[in-house]
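Enquirer: Protein chains in written order, with the working numbering: chain A, 1 to 107; chain B, 1 to 526. The C-beta atom is built at its ideal place from N, Cα and C for all residues, glycine as well. Have a look at this one before I ask anything.
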């Protein structure tokens, strides 16, 4: 099977870039990605900062011998999976927008 | 026995891959035919290196909570990959990270620098794995360090030179499955010691006494390695710097990035990151059991001594397997560890030689044209030989070097040099060639220089480190300084140089490519 794209003429990048639907796709992605990135970086960096500067608080045992520091570390796993799932859900929406956009130019 | 079985199976795979590995796309990107879940396993496999499996279990066993930070950081790092890097990279690139940069920028300087930083990261990472491998094989099957390293090097070269990316990927997939099975079994046996009671497990971890060979300590307490009292007054800053390097470094590791070129499209790239995140997450949660648990079961004198004369943390997982599961299980876990090293080293060689052949040879020296059909692949194979030989040589020469320090260096360079230019070229229109070169140079130089003047390399006590003298930079992990410097270098380089109107006019093309996947190379079947 030959590679399909090589046979097509080069797409008109500037026209697609100027299309309002492209701008909509781009801003839809940004609206998710930027807050999500800021959130996970802050949530993640809170761990070494809290552990480093407020060690006594983090050593507090809450569940038997399990302390806040360990629970906070475990919550990072949960946070990662939740953001991952949210991303997948949002990305399905972007795929639909993307297909609609490309359909306008390539029929 | 199990070593031989693994080697035999992988050689068969290599043989069949070799028949398919004709042409650049097939060789460098496995024909872009890898499925999402397969690539997810392969990404996970590339990631769960010897440093992860052996290193983290050792670090947790010795330093408790502070070691567990590696598990957390390595996993969260996947959000950086998923949210910021995976899709644009797959959409706009071909074989290497430099492809992404080359769309808008002046090819030659950018590719040359990107290739240099890729080779630096890969080589340091690889030397670390090989030194680890030599040590482990010596303990496990009694072969001396030098022949062991050479053996690993030669086997790895066979995979890469003959099988290309396809063989490397399948070796990685098989290993990932074996590793997960081993991790589950090991965790289960550790839990069995606590009568499958989590309460009892955590209680014994909080009074870990290494089977009576040391005073009981609470391993769940943070700060045993990086606390202000444990390290020096900079301990907590070092911990923050480590955390930052972990979360941002992964998205700049060339052997992880090249994985996204083996799948047909961005959608599959996304699926593979999700798979990898799930697998890696489960694996790192399991490190709780075989890391912390080891401290309650093993006594320190059961561990072989490392070069430093202290008990070797890298051997925690295999020795734990021997104590809990007997000779057979020990052999299995050892074989898994061996497979891990082999597979990761193969992946690293693959990414290093791809970058050299595709970026440096074809695009810098020969301005983007292959002189003869198939030349790029031939150059890659030769480079693989050279990279392999150099790493074998350096691993033997530098065998006393701390493995974690080399891995830290690789992560620091990846985060400080590679990540800023990847992000800016996709998200910042004004970004230009000077900015990219400055970002790569500053990121690469600052992380290397900071490590050379850090406590990892300089120590006032003669013989404890490479250089005798008071460390000039107080942190072992350079990330907190070198990562901002890398970004700053890229920003200042761009703003202080003339606007590059060509690069800016091509921004439209790059963002359409990156956002929509239009024009991306699709799967080719052979």
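#1: Just the chain A side, please: which residues come within less than 7 Å of residue 274 of chain B by C-beta, in chain order?
#2: Strictly below 7 Å CB to CB, what residues from chain A border residue 504 of chain B?
#3: Between the stretch 235 to 251 of chain B and the stretch 414 to 423 of chain B, do three or more beta carbon pairs fall short of 8 Å?
#4: Return no unless some Cβ of chain B is closer than 8 Å to the Cβ of residue 108 of chain A.
#5: Grouping DSSP H, G and I as helix and E and B as strand, with all else coil, what is residue 468 of chain B?
#6: Should residue 80 of chain A and residue 79 of chain B be called a contact, given that it needs their Cβ atoms to be closer than 8 Å?
#7: Quick check on residue 21 of chain A - is its C-beta less than 8 Å from some C-beta in chain B?
#8: Tell me where the alpha helix (DSSP H) around residue 62 of chain A begins and ends.
#9: Is residue 453 of chain B helix, strand or coil when you go by DSSP?
#10: Measure how close the beta-carbons of residue 251 of chain B and residue 84 of chain B come, nearest whole angstrom, since I'm counting them as under 8 Å.
#11: Please report the Cβ distance between residue 352 of chain B and residue 169 of chain B, rounded to the nearest whole angstrom; I am assuming they are in contact, meaning their Cβ atoms lie under 8 Å.
#12: With 16 as the cutoff for other CB atoms within 10 Å, does residue 424 of chain B come out buried or exposed?
#13: Which residues, taken in chain order from the stretch 314 to 334 of chain B, show a beta carbon closer than 7 Å to some beta carbon of chain A?
#14: Closer than 9 Å by beta-carbon distance: list the chain A residues that pair up with residue 277 of chain B, in chain order.
#15: Find the nearest neighbour of residue 68 of chain A within the set A:47, A:77, A:84, A:30, judged by alpha-carbon distance.
#16: Run through chain B and tell me which residues come within less than 9 Å of residue 17 of chain A, C-beta to C-beta.
#17: Kindly indicate which three-state DSSP category residue 48 of chain B falls into: helix, strand or coil?
#18: Could you round the C-beta distance between residue 483 of chain B and residue 130 of chain B to whole angstroms and report it? I think they count as a contact, below 8 Å.
#19: What does the alpha-carbon distance come out to for the pair residue 25 of chain A and residue 37 of chain B?
#20: Which word fits residue 207 of chain B, buried or exposed, when buried means at least 16 other C-beta atoms lie within 10 angstroms of its C-beta?
#21: Examine chain A for any beta-carbon lying closer than 8 Å to the beta-carbon of residue 69 of chain B, and answer yes or no.
#22: When you compare the CB positions of residue 156 of chain B and residue 340 of chain B, do they come within less than 8 Å of one another, or not?
#23: If you measure beta-carbon to beta-carbon, which residues of the stretch 37 to 54 of chain A are closer than 8 Å to chain B?
#24: What residue does the alpha helix (DSSP H) around residue 149 of chain B start on, and which one ends it?
#25: Please list, in chain order, the residues of the stretch 236 to 257 of chain B that have any C-beta partner in chain A closer than 8 Å.
#26: Quick check: residue 256 of chain B and residue 459 of chain B, are their CB atoms within less than 8 Å of each other?
#27: Rounded to a whole number of angstroms, what is the C-alpha to C-alpha distance between residue 142 of chain B and residue 409 of chain B?
#28: In the structure shown, what three-state DSSP assignment does residue 34 of chain B receive?
#29: CA-CA distance, residue 491 of chain B and residue 439 of chain B?
#30: Exposed or buried, residue 126 of chain B, counting other C-beta atoms within 10 Å across all chains shown (16 or more means buried)?
#31: For residue 354 of chain B, does the count of other Cβ atoms within 10 angstroms reach 16, so buried, or fall short, so exposed?
#32: Could you spell out the range, first to last residue, of the alpha helix (DSSP H) harbouring residue 261 of chain B?
#33: Need the endpoints of the alpha helix (DSSP H) that residue 72 of chain A sits in, please.
#34: For a contact defined as C-beta to C-beta under 8 Å, what are the partners of residue 84 of chain B on chain A?
#35: Could you check where the alpha helix (DSSP H) with residue 66 of chain B kicks off and where it finishes?
#36: Going by DSSP in three states, residue 12 of chain A sits in which element: helix, strand or coil?
Expert: Let me lay it out:
#1: Residue 274 of chain B sits at position 274 when you count from the first residue of the second chain. What residue 274 of chain B touches in chain A: 84, 88.
#2: Your numbering for residue 504 of chain B matches position 504 in the second chain. The premise fails here: residue 504 of chain B is roughly 12 Å from chain A at the closest Cβ pair, so nothing lies under 7 Å.
#3: yes
#4: This structure cannot settle anything about residue 108 of chain A, because the visible part of chain A is limited to 1 through 107.
#5: Against the second chain, residue 468 of chain B aligns to sequence position 468. If DSSP states are grouped into helix, strand and coil, residue 468 of chain B belongs with the strands.
#6: Position 80 of the first chain, counting from 1, holds the residue named residue 80 of chain A. Position 79 of the second chain, counting from 1, holds the residue named residue 79 of chain B. Against a cut-off of 8 Å, the Cβ pair of residue 79 of chain B and residue 80 of chain A comes out as a contact.
#7: Taking the first residue of the first chain as 1, we reach residue 21 of chain A at position 21. It does not; no Cβ of chain B falls within 8 Å.
#8: Locating residue 62 of chain A in the first chain gives position 62, where the first residue counts as 1. No alpha helix (DSSP H) contains residue 62 of chain A, which is instead part of the beta strand (DSSP E) from 61 to 63.
#9: Locating residue 453 of chain B in the second chain gives position 453, where the first residue counts as 1. Residue 453 of chain B: coil per DSSP, three-state reduction.
#10: The residue labelled residue 251 of chain B in the question sits at position 251 within the second chain. The residue labelled residue 84 of chain B in the question sits at position 84 within the second chain. Correct: roughly 6 Å between the Cβ atoms.
#11: On the second chain, position 352 is the one that residue 352 of chain B refers to. On the second chain, position 169 is the one that residue 169 of chain B refers to. Contact doesn't hold; Cβ gap of about 16 Å is too wide.
#12: Translated into the one-based positions of the second chain, residue 424 of chain B becomes position 424. Label assigned to residue 424 of chain B: buried.
#13: none
#14: If you number the second chain from 1, residue 277 of chain B lands on position 277. Result: 80, 81, 84.
#15: The residue labelled residue 68 of chain A in the question sits at position 68 within the first chain. Answer by Cα proximity: A:47.
#16: Stepping through the first chain from its first residue, residue 17 of chain A is reached at position 17. Within 9 Å Cβ-Cβ: 507, 508, 509, 511, 512.
#17: Looking up residue 48 of chain B in the second chain gives position 48. In this structure, residue 48 of chain B counts as coil in the three-state DSSP scheme.
#18: Taking the first residue of the second chain as 1, we reach residue 483 of chain B at position 483. Taking the first residue of the second chain as 1, we reach residue 130 of chain B at position 130. At roughly 27 Å, the Cβ-Cβ gap does not stay under 8 Å, so residue 483 of chain B and residue 130 of chain B are not in contact.
#19: As a first step, residue 25 of chain A is located in the first chain; it is residue number 25 there, counting from the start. As a first step, residue 37 of chain B is located in the second chain; it is residue number 37 there, counting from the start. If I take the Cα positions, the gap works out to 27 Å.
#20: By 1-based counting over the second chain, the position of residue 207 of chain B is 207. By the 10 Å Cβ count, residue 207 of chain B comes out exposed.
#21: Taking the first residue of the second chain as 1, we reach residue 69 of chain B at position 69. Judged by the 8 Å Cβ criterion, residue 69 of chain B is in contact with chain A.
#22: Here residue 156 of chain B refers to the residue found at position 156 when the second chain is read from its first residue. Here residue 340 of chain B refers to the residue found at position 340 when the second chain is read from its first residue. No, they are not a contact pair.
#23: 37, 40, 41, 44, 45, 47, 48, 49, 51, 52, 53
#24: Here the question's residue 149 of chain B lines up with position 149 in the second chain. Where residue 149 of chain B is concerned, the enclosing alpha helix (DSSP H) stretches over 145 to 158.
#25: 236, 237, 239, 240, 242, 243, 244, 247
#26: As a position in the second chain, residue 256 of chain B is number 256, starting the count at 1. As a position in the second chain, residue 459 of chain B is number 459, starting the count at 1. Cβ atoms of residue 256 of chain B and residue 459 of chain B: not closer than 8 Å.
#27: Position 142 of the second chain, counting from 1, holds the residue named residue 142 of chain B. Position 409 of the second chain, counting from 1, holds the residue named residue 409 of chain B. For residue 142 of chain B and residue 409 of chain B, the distance between alpha carbons rounds to 30 Å.
#28: Within the second chain, residue 34 of chain B is the residue found at index 34, counting from 1. Three-state result, residue 34 of chain B: coil.
#29: Mapped onto the second chain, residue 491 of chain B falls at position 491. Mapped onto the second chain, residue 439 of chain B falls at position 439. Spanning the two alpha carbons is a distance of roughly 8 Å.
#30: Stepping through the second chain from its first residue, residue 126 of chain B is reached at position 126. By the neighbour-count rule (16 or more Cβ atoms within 10 Å), residue 126 of chain B is buried.
#31: Your numbering for residue 354 of chain B matches position 354 in the second chain. Answer is buried; the Cβ neighbour count reaches 16.
#32: The count along the second chain starts at 1 and reaches residue 261 of chain B at position 261. Careful: residue 261 of chain B lies outside any alpha helix (DSSP H) and carries neither H nor E.
#33: Here the question's residue 72 of chain A lines up with position 72 in the first chain. Looking at the DSSP string, the run of the alpha helix (DSSP H) that includes residue 72 of chain A is 68 to 105.
#34: Along the second chain, read from residue 1 onward, the residue named residue 84 of chain B stands at position 84. Ordered by position in chain A, the residues that pass the 8 Å Cβ test against residue 84 of chain B are 33, 37.
#35: Counted from its first residue, the second chain places residue 66 of chain B at position 66. Element bounds for residue 66 of chain B: 65 to 80.
#36: Counting from 1 along the first chain, the entry for residue 12 of chain A is found at position 12. In this structure, residue 12 of chain A counts as coil in the three-state DSSP scheme.
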